[in-house]
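Numbering (the working numbering) for the sequence shown: 24 to 395. Every residue gets a Cβ at the ideal spot worked out from N, C-alpha and C, and that includes glycine. Everything below concerns the one structure shown next.
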Amino acid sequence: MTIYDRLAAWSEQARTEAAPTSLPPEAYTDHNLAELERERVMRRGWINVAHISQLAAPGDYVTFEIVDHPVLAVHGVDGVLRAFSNVCPHRSAIIADGCGNRTVFRCPYHAWTYDLSGKLIGAPHMDKDAVRDIRLKELKFEVWQGLVIVNLDVTAAPLASDLAFLEERIAPLHFERQKVVRSGVMEIACNWKVLVENFCESYHLFCVHVDTLEKSTPSITNEMLPGGPGFNHHMARTNSEPSHRWAERLGLPQERWDEAHLICIYPATVINLKGNNAIWLSIQPVSPGTLRAHWWYTLMPEDDGSVSEDDIALGENTIKTFMAEDEAVIATVQKGLAAGTGNRAPLHHWESTNVKFGQYLADRLSPVDPVA
């Protein structure tokens, strides 16, 4: 039986058994499956590359890589946000790196220059008629609740329809009004799915984060919420006073002031959203045993646009602390998966979101061509 057969069998059991297990261990270690995931999941999925606050002004831009494809997101002078393949059509040099603000993008190889709409406006020593229609390749993208999300697949169905039910629930929190105050990139020695699953469930909080997250969002308050074709969702109750105050200011009824939403937008965006802040990751595979995670921390600014430096420092410290706690455990999980003897016991109800994530993957990885 191939790994693809085992995935299909697992998916069928997950739909019919009362207490399903995690994905088969090989799903986290198999090199052929990892390549198929890059093609069918990452290159055809909606991937978060930025927050709208990072593209607030004309000329603002960010860069990102979706597996091995460089991406450039830009706020144009016409007020339109666009996403491009960050590759020069001439000789495939990378156009831009990092983030910032520019009036044009100039290729470092031959100085071909593009305006913010992607149009070529300068190509030294070239015949103008020959390059008149050259543009950067534009990519599909959507802005959803403040998240800038890109899809490399030009035939992809719109994301918003898959998230309609989720949008109803979190729109009152006005995630789009929050402001990125810290961001970074980390590499961890485990399969990308391990980290996604780690954020999809709060069952581990009372053990791994006993002195940190468990104190502010006790796992006993977990509530599993309905998911959809593009996401899974659960909620905990936070005792954070700043979160309560902001939820009140946003006009939420009192019974919603303590909501902390834990969301996975498939395939690899995981979000912890509260009334006053959000922490989220966009996770990419590097190899079967290595991932790269971009993380962002946002705060709700005051009316004058300011944010508290104390709140920034507190949030940054919290992120570093709980991520270190997670990394210490999930790196050992990857070693255990290589042994192939785990993932046989039933999951807790609080891990049902991981089952939904696994079914999403199984649906996209089966059936496969015989050569795969």
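When the five nearest sequence neighbours on each side are left out, the beta carbons in the same chain lying within less than 8 Å of the beta carbon of valine 90 are those of Arg61, Met65, Arg66, Gln307 and Pro308, in order along the chain. In the structure shown, tryptophan 69 adopts coil according to DSSP, grouped into three states.
The criterion of a C-beta distance shorter than 9 Å is satisfied by leucine 360 and asparagine 214.
Within the segment 25–92, the complete beta strand (DSSP E) runs of at least 3 residues fall at 70–74 and 83–89. When DSSP states are grouped into helix, strand and coil, alanine 187 belongs to the helix group. Per DSSP, the beta bridge partners of glutamate 165 are Ile172. Straight-line measurement puts the Cα of tyrosine 132 at about 48 Å from the Cα of threonine 235. In this structure, DSSP gives valine 233 a state outside helix and strand, which the three-state scheme calls coil. Taking a cut-off of 8 Å for Cβ pairs, the segment 245–259 and the segment 370–383 touch, as three or more such pairs fall below it.
Take alanine 212, set aside five residues on each side of it, and the residues of its chain with a beta-carbon closer than 7 Å to its own are Gly312, Thr313, Ala354 and Gln357, in chain order.
The three-state secondary structure of glycine 312, taken from DSSP, is coil. Between glycine 82 and glutamine 201, the alpha-carbon positions lie close to 20 Å from each other. Of all alpha-carbon atoms in Gln168, Ile26, Cys122 and Asp156, the one lying nearest the alpha-carbon of isoleucine 288 is that of Gln168. Counting every other CB atom within 10 Å of its CB across the protein chains shown gives methionine 323 a total of 16 or more, marking it as buried. In the three-state DSSP reduction, proline 195 falls in the helix class (H, G or I).
CA-to-CA, the gap between leucine 275 and aspartate 53 works out to about 46 Å.
Under the three-state reduction of DSSP, isoleucine 306 is assigned to strand.
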